[in-house]
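I have placed the structure first, in the form of structure tokens, so that the comments after it can refer back to it.
In the numbering used here, the protein residues as written are -6 to 290.
Structure (structure tokens):
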């Protein structure tokens, strides 16, 4: 990968069990914490980091198993939602981030980040949501077949771990404007061996659909807490052409946060920061710079 695509010095934080969590930490000023999903990594936020680092401290971790973080076997790390939230809390504590943060959340980052917010509301001043969820599958939405195959079948497990099907496919179908080859390769680079693809598989297997599934009750708790975060400035950017986080999810966000600022892109895909970066990133920067972060009652 060309250093010009991702020109950031590495930083590492030791989470529980001694695993190293990599994170970007660039710029100075009010902190913006960017939480990625699956199968991306902090690389997803590179253009937003560049736009904000002149006046903000931009922090973008790689979840364990992703990006430049350690990729332990499933026997050495639980790969659950609960643990992801604990890792994020551990990083925030280690960095001594005490002022209200701006959260930027995409894909699984929404579930992780909003659970963090529900547990630590005093640390959250603004929220930016990008094609994500922090609630159960909407009643109007069917669970997508490709995810069901990856989540529930041995064939899906082989496709994800042995053939890198999830990351390789995502770098092509999650955008409506084809990515340059070097950008696709950068998205896929951390997942270059079957052992290094454990997180891409475990994220899908950890999707909670029914009571009794790992994380189901935690999602219920977070969903119930979402309205209590509605007094923060909230921005929601959305690409319609997302086979998972589609208009059903967007409609649910509008029920929860009707007062939020929305930027909707009918022709953009799941990687909305890629498809509409020239319009969306200035909107996010403008939102952050023009709103006062919530500081409590």
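Built from N, CA and C at the ideal position, the CB exists for glycine as well. Because the structure is a prediction, the values reported are computed rather than measured.
Do you know offhand how far residue i's Cα is from residue j's?
i           : j           : result
residue 195 : residue 149 : 12 Å
residue 289 : residue 271 : 33 Å
residue 9   : residue 80  : 8 Å
residue 26  : residue 266 : 16 Å
residue 92  : residue 253 : 22 Å
residue 295 : residue 274 : Beyond the ends of the chain as shown, which are -6 and 290, falls residue 295; an answer cannot be given.
residue 40  : residue 268 : 12 Å
residue 251 : residue 229 : 11 Å
residue 49  : residue 43  : 10 Å
residue 59  : residue 107 : 20 Å
residue 245 : residue 201 : 18 Å
residue 213 : residue 3   : 35 Å
residue 168 : residue 208 : 29 Å
residue 199 : residue 277 : 30 Å
residue 85  : residue 184 : 26 Å
residue 69  : residue 114 : 31 Å
residue 143 : residue 136 : 12 Å
residue 89  : residue 95  : 15 Å
Rounded to the nearest angstrom, how far is the Cβ of residue i from that of residue j, given a contact under 8 Å?
i           : j           : result
residue 98  : residue 122 : 6 Å
residue 181 : residue 161 : 6 Å
residue -1  : residue 52  : Actually they are not in contact, since the Cβ atoms of residue -1 and residue 52 sit about 15 Å apart, beyond 8 Å.
residue 110 : residue 222 : 6 Å
residue 197 : residue 156 : Not really, about 14 Å apart at Cβ, beyond 8 Å.
residue 105 : residue 77  : 5 Å
Could you pull out every residue in the same chain whose Cβ sits closer than 6 Å to the Cβ of residue i, ignoring the five residues on either side in sequence?
i           : result
residue 30  : 99, 100, 101 and 102
residue 133 : 241
residue 23  : 49
residue 159 : 32, 153 and 193
Helix, strand or coil for residue i? Go by DSSP, reduced to three states.
i           : result
residue 265 : helix
residue 141 : helix
residue 232 : strand
residue 18  : strand
residue 33  : coil
residue 107 : helix
residue 169 : coil
residue 47  : coil
residue -5  : coil
residue 91  : coil
residue 26  : strand
Is it buried or exposed, residue i, if we count other Cβ atoms within 10 angstroms and call 16 or more buried?
i           : result
residue 154 : buried
residue 279 : exposed
residue 220 : exposed
residue 173 : exposed
residue 55  : buried
residue 179 : buried
residue 203 : exposed
residue 226 : buried
residue 216 : buried
Got a sec: does the ligand MN put a non-hydrogen atom nearer than 8 Å to the Cβ of residue i?
i           : result
residue 175 : As for the ligand MN, it is missing from this structure, which has no ligand bound.
If I measure Cβ to Cβ from residue i and keep anything under 7 Å in the same chain, skipping five residues before and after, which residues do I get?
i           : result
residue 63  : 12, 13 and 57
residue 124 : 99, 100, 231, 232, 235, 238, 263 and 265
residue 19  : 1, 42, 46 and 51
Going by beta carbon distance, what residues of the same chain come within less than 8 Å of residue i, once the five residues before and after it are set aside?
i           : result
residue 188 : 64 and 66
Of all Cβ atoms in chain C, is any one closer than 9 Å to the Cβ of residue i?
i           : result
residue 137 : Absent from the structure: chain C. Only one protein chain is present.
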